[in-house]
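As structure tokens, the structure follows; a few thoughts come after it.
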Amino acid sequence: MRVTQIEELTKARSRVWLDDAPAFVLYKGELRRCHIEEGEELPEETYHAIMEEVLPKRAKLRAMNLLKDREYTTAQLRAKLRQGSYPEQIIEEALEYVASFHYTDDLRYAVQYIFCHESNRSRRRIEQDLQGKGVSAETIQAAWDAWEEQGGSQDETGMMRRLLEKRNYNPDTADYAERQKQAAFLLRRGFSGESVRRVLREY
């Protein structure tokens with residue numbers, strides 16, 4: 002393998018290209034310690050040391066540091082590591098590592114998300130949010146089941162009424178344009194068209 006390019010990303014980090022393909026990102030000190038120079042051959046033992054020792058250790062540490070500040074789904078954490086330009090195999094190794102300690106758990110994340118938003122977001126909106134965070138449909142359904150087993154419940158009609166009250170909606174004085182405006186607001190919150198029409202009619 003020949004080092005065909007060393008691309009400076011920041012003052013501290015550079016991307017190493019091997020045989021005209023991006024391979025990995027190293028710090029300047031690591032480049033010096035590994036004696037990596039543009040136009041030179043990269044010894045097999047050096048490549049394996051980088052891929053099996055240097056990068057996995059760093060990716061695992063990066064994942065752990067991210068999870069110290071907040072919880073991530075597996076997909077979110079994968080995206081964060083990709084931003085660091087880690088090779089895919091290193092990313093998967095880091096994800097497996099943190100998952101082995103249950104630091105990432107999409108089901109737990111989804112259940113907590115439902116409990117957090119059960120009183121201000123519709124079921125459909127919550128599901129859309131979780132899908133956007135990379136949680137699978139199967140995991141989302143399992144989360145709803147676990148949420149119900151733990152006593153969770155939703156009153157979407159009451160939720161919509163409270164939202165309308167906060168928006169000072171007055172059905173006695175509202176004209177057609179105002180009703181359409183409030184309906185659009187509720188639809189954006191993920192409530193179904195049928196339930197929105199029913200609440201506005203019964204309000």
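Counting the sequence shown from 1 gives a position; the numbering used here is that position plus 1. Don't be surprised by glycine CBs; every beta carbon is placed ideally from N, CA and C.
Asked                                                                                                                                                      : Found
Could you tell me which residues DSSP puts in a beta bridge with Trp145?                                                                                   : None; Trp145 has no bridge partner.
With three or more beta-carbon pairs closer than 8 angstroms as the criterion, would you say the region 141–149 touches the region 168–179?                : no
Count the C-beta pairs between the region 60–77 and the region 33–46 that are closer than 8 angstroms, then say yes if the count reaches three, no if not. : no
In angstroms with no decimal places, state the Cα-to-Cα distance between Glu31 and Lys12.                                                                  : 13 angstroms
Does Phe102 pass the burial test, meaning 16 or more other C-beta atoms within 10 Å, or should it be called exposed?                                       : exposed
In terms of residues, what are the limits of the alpha helix (DSSP H) holding Ile7?                                                                        : Per DSSP, Ile7 belongs to no alpha helix (DSSP H); it is in the beta strand (DSSP E), Val4 to Glu9.
Only counting the same chain, and skipping five residues up and downstream in sequence, which positions put a Cβ closer than 8 angstroms to that of Arg3?  : Leu19, Asp20, Gly40, Glu41, Glu42 and Leu43
Skipping 5 residues on each side, what residues in its chain have a beta carbon closer than 7 angstroms to that of Leu82?                                  : Ala60, Arg63, Ala64, Ile92 and Ala95
Since Gln155 contacts Arg124 with CB under 8 angstroms, what's their CB separation in whole angstroms?                                                     : 6 angstroms
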